[in-house]
């Protein structure tokens, strides 16, 4: 067998493998991943930490995972997540999915959406709505601290909107003139109106690792300026047999 023929054959096999539908992984109690999490807020805020995520129990649709900061003496936090690593929380008295990075079976070009609306999430907003459109964009190599992997990339584009609550904001300041300092105050009235911004997410899923090895979530202000970015990268894993 010539080397050229072998290379061509391997290339065809690789493309065929990439075209396959990817089923949900066989998650097991004891599966563990160490990830580096970076949080960026505005232009100045930055923090980084490493966490260990361990599967404690697997049910038909959900699983219990423990999350503990690497090297910490504090007890881990236990939380329920979907077997597709989706996250849910209480929205208006009902558990709603707020993030669904994976939708098995995965295949190139597959699409799904996540929508939710929350009433009175804080004193400034009477309503917040999030809309995300996910799509599997294909296979690519991704490098993280744990190594280089061939991953199936999922991207999400979306929008958030918020209805501002009526409010009056009071402020004061000093007016300085030669030989005189006086205080001035003013009030700004906020009338109810709707504002909006964009969001972007990306996940690199590696079947052999049973989850994504990298994720990026970004949120943009009404002026299109990035206000927050959350990045997660795999540094090590220990998977049950």
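Residue numbers (this note's numbering): 541 to 781. For each residue, glycine too, the CB sits at the ideal point set by N, CA and C.
A residue is called buried when at least 16 other Cβ atoms come within 10 angstroms of its Cβ; residue 745 meets this threshold and is buried. One alpha carbon belongs to residue 566, the other to residue 750, and they sit about 8 Å apart. Per the DSSP secondary-structure output, residue 669 pairs in a beta bridge with 657, 701. In the structure shown, residue 749 adopts helical secondary structure according to DSSP, grouped into three states. Remark: C-beta atoms of residue 702 and residue 673 do not approach each other more closely than 9 Å. Contact between the region 678-693 and the region 650-667 is absent: fewer than three C-beta pairs spanning the two stretches fall below 8 Å. By the neighbour-count definition (other C-beta atoms within 10 Å, threshold 16), residue 575 is a buried residue. Residue pairing of residue 567 in beta bridges, as defined by DSSP: absent, with no partner found.
Only buried fits residue 603, as 16 or more other CB atoms lie within 10 angstroms of its CB. At a Cβ-Cβ threshold of 9 Å, residue 641 and residue 743 count as neighbours. Excluding the 5 residues flanking it on each side, residue 733 has same chain C-beta neighbours closer than 7 Å at 704, in chain order. Under the DSSP definition of a beta bridge, residue 767 lacks any partner. Counting C-beta atoms within 10 angstroms of its own C-beta, residue 571 has 16 or more neighbours from the protein chains shown and is therefore classed as buried.
In the DSSP assignment, residue 681 is bridged to 690.
When the beta-carbon positions are compared, residue 776 and residue 573 come within less than 9 Å of each other.
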